[in-house]
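Visitor: Can you keep this structure in mind? I'll have questions shortly.
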Amino acid sequence: MDVTTSIVDATAQPLDLETSLQLTVPEETELQLKTESGMIYVEQVMGDMTLESVDGDVHLKEVSGYIIVKTSSGSLVCTLCAGKLEFNSVSGGAQILQPALTNVGLRTTTGNILFDGDFIRTGLYSMRSGKGLVEVRFSGNDSFDLSAKTNMGTVDNQAAAFLKPDSHSKWHIASKFTHGFFGTFGAGLAKVELSTYSGTIRILKRD
């Protein structure tokens, strides 16, 4: 099913142009949604989806599959998402809350990133912001190797008491990075890579 909106009155003023669509689809559905400035909201859908927005935000709740989100300045809020997630933005941020994601790739130039949830064992998690804040909050049940690297920014490790030095020695600081931290929590089963050019990386353990 394709749904497209178009302007039929060429004399209409920009403030008069507004469309709101609400679609009910089967729980197992593949989605491809695009918008300029409107918000995209998807809830309780299982299936691969590609969501693109210029200025509008993307809100996802209880979705699963291979999820691709692309924005220019719109932000992503992903709550109780499962599967694989890719997010790319210029100035938009991303909040990943209570996820069950096994593969995560978050990229933004100036936006902030928050990952607050569990790292699935054997999962891969990569988060990068050029100038923004990259914040990760983990639980006592997690198991991961963590790499935090920045060029001109800072690493705010508020979980130093819980992270031991990387026991697997699989990573090293590349020459373009001047600050870095490598640590292991638990058996180090998941892989977490955090990086920023001039922003801040913050690492916290939830109570």
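Counting in our numbering, the sequence shown runs from 25 upward without gaps. Heads up, the beta-carbon is just placed ideally off N, CA and C, and yes, glycines get one too.
#1: When burial is assigned at 16 or more other CB atoms within 10 Å of the CB, is Met63 buried or exposed?
#2: Under the assumption that Gln119 contacts Gly141 (Cβ atoms under 8 Å), give the Cβ distance between them as a whole number of angstroms.
#3: Does Asp231 pass the burial test, meaning 16 or more other C-beta atoms within 10 Å, or should it be called exposed?
#4: So, helix, strand or coil for Phe206, using DSSP?
#5: Is the Cβ-Cβ distance between Ala183 and Ile227 less than 8 Å?
#6: In terms of DSSP beta bridges, what is Gln119 paired with?
#7: Have a look at Glu52 and Leu75 and give me their C-alpha separation to the nearest angstrom.
#8: Return yes when the Cβ of Phe162 is within less than 8 Å of the Cβ of Phe205, no when it is not.
#9: Quick check on the DSSP output: the beta strand (DSSP E) that includes Gly80 runs from which residue to which?
Guide: Let me spell this out:
#1: exposed
#2: With 8 Å as the limit, Gln119 and Gly141 do not qualify as a contact, their Cβ atoms being about 10 Å apart.
#3: exposed
#4: strand
#5: yes
#6: Val101 and Leu138
#7: 16 Å
#8: no
#9: It is not in any beta strand (DSSP E) - Gly80 carries neither H nor E in the DSSP assignment.
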